[in-house]
Amino acid sequence: MRSFGVLLALSPAVAAGIGFLSLHERLTARQLCAVALVVLAGAWSVRRAAPGSP
32 MRSFGVLLAL SPAVAAGIGF LSLHERLTAR QLCAVALVVL AGAWSVRRAA
82 PGSP
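Heads up, the sequence shown is in my numbering, so the first residue is 32 and it goes up one at a time.
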């Protein structure tokens, strides 16, 4: 279950990276901060999960 949470936390960053590499899209500083906050929140929630929780 933790690996699924990590994948969900990284999906915005992966999508932004794919958009940058394949579609040559540029992200503003605000969008980059938003991606970073989503990734941090997902990582924090996975880290805070109890080891025995499903």
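From the three backbone atoms N, C-alpha and C, an ideal C-beta is built for every residue, glycine too.
The structure presented is a predicted model; accordingly, all values stated were derived computationally and were not measured.
{"Asked": "Nearest residue (CA-CA) to Val45, options Ala67, Thr59, Arg79, Trp75", "Found": "Ala67"}
{"Asked": "Endpoints, the alpha helix (DSSP H) within which Arg61 is located", "Found": "60 to 79"}
{"Asked": "Short Cβ contact (8 Å threshold) for Ala47 with Gly73", "Found": "no"}
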